[in-house]
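Enquirer: In our numbering, the protein residues as written are 13 to 337.
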Ligand code: GLU
């Protein structure tokens, strides 16, 4: 008996859809073509050339705050923040499947997690109320189109800052330093990414994880899905041998299924940023001021301890902000 049924049931509950997992094989011998995300008709496919070297790009350096935060509700005239305050709620693209970063608690029905706490801080700075947020559940592949089409004000969704993406959206400073690793069944002989030759490895469409896997020397057979919990279900069904993505996400999958383990060192850096439409540079500066505040006042560390504890090792200091100007 490979695993307990209970683990599958929990993963299905958190996935929010217990029916068919829309797995698609990916040809790892050539570059990945990510299909257009469902529900975002007419949008360009997101760029995924994450690890492409770009000597001129310093994507994790963001725009400096323009000064102290304005009082909640008192945003500068004509600013992106004033428009959001006028509307009365922040519209945020989030993950509702990925414990502990962004997920819907199956008991309370609330969307929660580390990424979600970053949004509560932004909402608090805008409105003086951490809960003026309308959540829109989006997949990895939906992130750039949702911002480019103005469907959301901000995306907080394990979103790695890279040069290709930074040409399409505006990123905050780094609020989390994740890294890509490998999840396998607990009885697997796989020790790291180098042992994945001939293995079926799962990642989401539109993720840097999938892109990085096309470049690893072991050349695994890739399977792509919409949500990270779909990968766990595929492993539970014996349709995938491994999942490879950020250590944050893998820690959450491992917590949901005791018959899995995370192996090997990080083989790609995944610095997360909050993202806004490319034109909203005033909102990038505002968000960076919010991040300065929560790094300094202990909120970031409390959020980290609450959601990640020591799962990824000792609690780190918040990532230091870097600015371009
Ligand atoms: N951090 C990676 C990315 O931005 C993987 C996480 C995800 O897709 O949700 O693509």
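Even glycine gets a Cβ: it sits at the ideal position worked out from N, Cα and C.
Which same chain residues end up closer than 7 Å to residue 96 when comparing Cβ atoms and leaving out the 5 residues on each side of it in sequence?
Expert: Closer than 7 Å at the Cβ level, and outside the excluded window around residue 96, lie 102, 138, 165.
Enquirer: Counting C-beta neighbours from all protein chains within 10 Å, is the total for residue 187 16 or more, i.e. buried, or is it exposed?
Expert: That one is buried.
Enquirer: Three or more beta-carbon pairs under 8 Å between the region 257-266 and the region 106-113, yes or no?
Expert: Yes, they touch.
Enquirer: Quick one: is residue 85 buried, meaning 16 or more other Cβ sit within 10 Å of its Cβ, or exposed?
Expert: Classification for residue 85: exposed.
Enquirer: Is residue 72 close to the ligand GLU? I mean its beta-carbon at under 7 Å from any heavy atom of the ligand.
Expert: It does not: the Cβ of residue 72 is nowhere closer than 7 Å to a heavy atom of the ligand GLU.
Enquirer: Beta strand (DSSP E) containing residue 227: first to last residue?
Expert: Residue 227 -> no beta strand (DSSP E), and no H or E assigned at all.
Enquirer: Using a threshold of 7 Å, is the CB atom of residue 219 nearer than that to any non-hydrogen atom of the ligand GLU?
Expert: Yes, Cβ of residue 219 sits closer than 7 Å to a heavy atom of the ligand GLU.
Enquirer: Quick check: is any heavy atom of the ligand GLU less than 7 Å from the C-beta of residue 272?
Expert: No, the beta carbon of residue 272 sits no closer than 7 Å to any heavy atom of the ligand GLU.
Enquirer: For residue 306, which residues of its own chain have a beta-carbon under 7 Å away from its beta-carbon, when the five flanking residues on both sides are left out?
Expert: Within the same chain, residue 306 has close Cβ partners 133, 312.
Enquirer: For the ligand GLU, any of its heavy atoms closer than 7 Å to the Cβ of residue 169?
Expert: Answer for residue 169: yes, Cβ within range of the ligand GLU.
Enquirer: I believe residue 171 touches residue 335 by the beta-carbon criterion, under 8 Å. Please report the beta-carbon distance rounded to the nearest angstrom.
Expert: Not confirmed; about 19 Å, so no contact.
Enquirer: When you compare the CB positions of residue 332 and residue 173, do they come within less than 8 Å of one another, or not?
Expert: Going by C-beta atoms, residue 332 is not nearer than 8 Å to residue 173.
Enquirer: Roughly how many whole angstroms lie between the Cα atoms of residue 327 and residue 314?
Expert: For residue 327 and residue 314, the distance between alpha carbons rounds to 10 Å.
Enquirer: Residues in the same chain with beta-carbon distance under 7 Å from residue 240, minus the five sequence neighbours each way, listed in chain order, please.
Expert: Once the five neighbours on either side are set aside, the close Cβ partners of residue 240 are 109, 110, 216, 257, 261, 265.
Enquirer: Whole angstroms is fine: what's the gap from residue 69's alpha carbon to residue 119's?
Expert: Roughly 44 Å between the two C-alpha positions.
Enquirer: Do you know how far the Cα of residue 163 is from the Cα of residue 189?
Expert: Each residue's Cα considered, the two are about 27 Å apart.
Enquirer: Quick one: what's got a C-beta closer than 7 Å to residue 73's C-beta in the same chain, skipping five residues either side?
Expert: Hits under 7 Å: 334, 335, 336.
Enquirer: Put residue 109 into one of helix, strand or coil per three-state DSSP.
Expert: In this structure, residue 109 counts as strand in the three-state DSSP scheme.
Enquirer: Give, in chain order, every unbroken run of the alpha helix (DSSP H) that is at least 4 residues long and sits entirely within the region 253-320.
Expert: Here the runs fully enclosed are 259-268, 293-308, 311-319.
Enquirer: In whole angstroms, give me the CA-to-CA distance for residue 230 and residue 213.
Expert: Rounded to the nearest angstrom, the two C-alpha atoms are 11 Å apart.
Enquirer: So does residue 152 have its beta carbon nearer than 7 Å to some heavy atom of the ligand GLU?
Expert: The answer is yes for residue 152.
Enquirer: Report the rounded CA-to-CA distance for residue 126 versus residue 203, giving the unit in angstroms.
Expert: Approximately 28 Å, taken between the alpha carbons.
Enquirer: Can you confirm whether the region 194-208 touches the region 153-163 when touching is taken to mean that 3 or more C-beta pairs between the two stretches lie within less than 8 Å?
Expert: The region 153-163 vs the region 194-208: no contact.
Enquirer: If I measure Cβ to Cβ from residue 324 and keep anything under 8 Å in the same chain, skipping five residues before and after, which residues do I get?
Expert: Excluding sequence neighbours, residue 324 sits near 259, 260, 263.
Enquirer: Spatial neighbours of residue 94 within its chain, please: CB distance less than 7 Å, with the 5 preceding and 5 following residues excluded, ordered by chain position.
Expert: Here the set comprises 87, 88.
Enquirer: May I ask you to check if the CB of residue 282 is nearer than 7 Å to at least one heavy atom of the ligand GLU?
Expert: Checking the Cβ of residue 282 against the ligand GLU gives yes.
Enquirer: Kindly examine the ligand GLU and report whether one of its heavy atoms sits closer than 7 Å to the Cβ of residue 216.
Expert: Correct: residue 216 has its Cβ closer than 7 Å to the ligand GLU.
Enquirer: Assuming residue 135 contacts residue 141 under a Cβ cut-off of 8 Å, what Cβ separation, rounded to an integer in Å, is found between them?
Expert: With 8 Å as the limit, residue 135 and residue 141 qualify as a contact, their Cβ atoms being about 6 Å apart.
Enquirer: I need the boundaries of the alpha helix (DSSP H) containing residue 158, first residue and last residue.
Expert: Start and end: 155-160.
Enquirer: In terms of alpha-carbon separation, which member of 254, 116, 293, 308 lies closest to residue 273?
Expert: Among 254, 116, 293, 308, the Cα nearest to that of residue 273 is on 254.
Enquirer: To the nearest angstrom, how far is it from the Cα of residue 205 to the Cα of residue 280?
Expert: Cα to Cα, residue 205 sits roughly 11 Å from residue 280.
Enquirer: Taking DSSP's pairing of strands, which residues face residue 166 in a bridge?
Expert: Paired residue(s): 104.
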